[in-house]
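One structure below.
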Amino acid sequence: MQMQLEYANARFKEAEIVIEGFPYDRTSSFIPGSRFGPQYIRFCTGNIEWYSPYQKRALDDIKICDLGDYEFKTEDHLDEIEKEVLRIYHKNKRAIFLGGEHTITYPIIKGIHRQIENFSVIHFDAHADLRQEFNGERLCHASAIRRVSEIIGLKNIYQFGIRSGTEEEFKGGKNLFPFEVYQPLKKIIKRVPEPIYLTIDVDVLDASVCPGVATPEPGGISFRELIDSLLLLGDKKIIGADIVEYNPLATSPWASGSVVADILRELILIIIQR
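For reference, each letter of the sequence shown is one residue, going 203 to 476 in our numbering.
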C-alpha cells in the first residue's frame, strides 16, 4: 500500500494542486535508486511542519490531492508519463511531480505542451543536462533539458546553478547562469515570459546540505538560497513543477528527504497563492 502525503486533503476533482510520483530511474548512470524517492519524500513530510516561516503561511487551507506513485503498465514508461500528465492538465489542474530521475521532465513537458502551447521553463540544477546523448542514450537524465528544448525552444529555458557539463553544453546554453541561482534569477525574472514550469534537480544544493542525490556535485547553493530563489517566483503564474534526483539509497535517507519535503511544502505555497 502506498503512503500518502500527510497534508493531502482533497480528491482530484476539487483539488487546487495535484501531487504525483513517477518512480523512474532507468538511465541512472552513477547511483541508481531515485525511483524510491517519491515514497521517502512522503514519509519525510511527517518530519516537517505544515507552516512555512519563510512565507508565513500554512498548507492547511490548500486543497491538495496526492495521486500516489504512478503505476506503469507497459515498457514505454515515458509515453505513459506524457499521457498521465496530459490527463491532469486537460482538467485544468496544476501539479508537482516527484522523481525519479530528471528524464521524467521531458515527457512531463510533452504532456503539458499538448494542453498549453506557450510557456517558459526555469531549471535549477548542478548539471546542464544539454547533451545530445550520454552512454549511447539520446533520452536520459543527462540530455533531458536538450530534449525539452526541442519542444519549447532553448530560448524559453532559463538554467541556474549549473556547475557541471561539457564545454559544448556551457557554450550552447542560451540562458545558462553558472554556480548561482538567486542573484541571476533576481536580475532576469521580470523578463521571463509567463506561465512558467519549474524543474528542480535537488543536486543544485551543495552536497553538505543534500547528499542524498543520484549524481552529487560539490560547490552547490545553500538551502536558504534555494528558498529565497523560490520566493522570487511568488507573484508569477507557475503552472507546475517537478522535484527530481533525490536518491534515498545514496546515503542515509532521512536528512536529505526532510530537505526535499521542505522544498515541496514551499513549492505548494508558491504555486497556490492567496
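Virtual Cβ for every residue (Gly too), placed ideally from N, Cα, C.
Residue i, DSSP secondary structure in three states
i      : result
Gln385 : helix
Cys246 : helix
Val411 : coil
Ala457 : helix
Leu400 : strand
Ile474 : coil
Ala330 : coil
Leu451 : coil
Pro380 : strand
Glu339 : strand
Arg259 : strand
Rounded separation between residue i and residue j - CA only
i      : j      : result
Glu335 : Thr307 : 16 Å
Ser424 : Thr417 : 17 Å
Glu396 : Leu428 : 20 Å
Arg340 : Arg333 : 8 Å
Tyr256 : Leu471 : 10 Å
Glu352 : Ile221 : 26 Å
Asp430 : Glu468 : 10 Å
Asp271 : Ala457 : 22 Å
Arg259 : Tyr253 : 6 Å
Arg213 : Cys267 : 6 Å
Gln204 : Phe238 : 12 Å
Phe321 : Ile354 : 8 Å
Leu378 : Ala328 : 11 Å
Lys285 : Thr276 : 13 Å
Lys293 : Val383 : 33 Å
Residue i classed as buried or exposed, judged by whether at least 16 other C-beta atoms fall within 10 angstroms
i      : result
Gly313 : buried
Asn358 : buried
Ser460 : buried
Lys438 : buried
Thr305 : buried
Asp281 : exposed
Gly367 : buried
Pro309 : buried
Ser236 : buried
Endpoints, beta strand (DSSP E) assigned at residue i
i      : result
Tyr308 : Element bounds for Tyr308: not the beta strand (DSSP E) but the alpha helix (DSSP H), 307-315.
Ala443 : 440-446
Gly301 : 296-301
Leu269 : 266-271
Ile359 : 359-364
Glu319 : Here Glu319 belongs to no beta strand (DSSP E), and DSSP marks it neither H nor E.
Gly235 : From DSSP, Gly235 is part of no beta strand (DSSP E); its letter is neither H nor E.
Ile221 : 219-224
Opening and closing residue of the alpha helix (DSSP H) in which residue i lies
i      : result
Leu433 : 425-433
Ile347 : 346-354
Phe372 : 369-374
Ile283 : 279-292
Sub-8 Å separation of residue i and residue j beta-carbons
i      : j      : result
Gln361 : Gly375 : yes
Ala346 : Leu400 : no
Ile243 : Ala409 : no
Ile441 : Arg296 : yes
Closer than 8 Å to chain B by CB, residue i
i      : result
Ala344 : Looking for chain B here will not work: only one protein chain is present.
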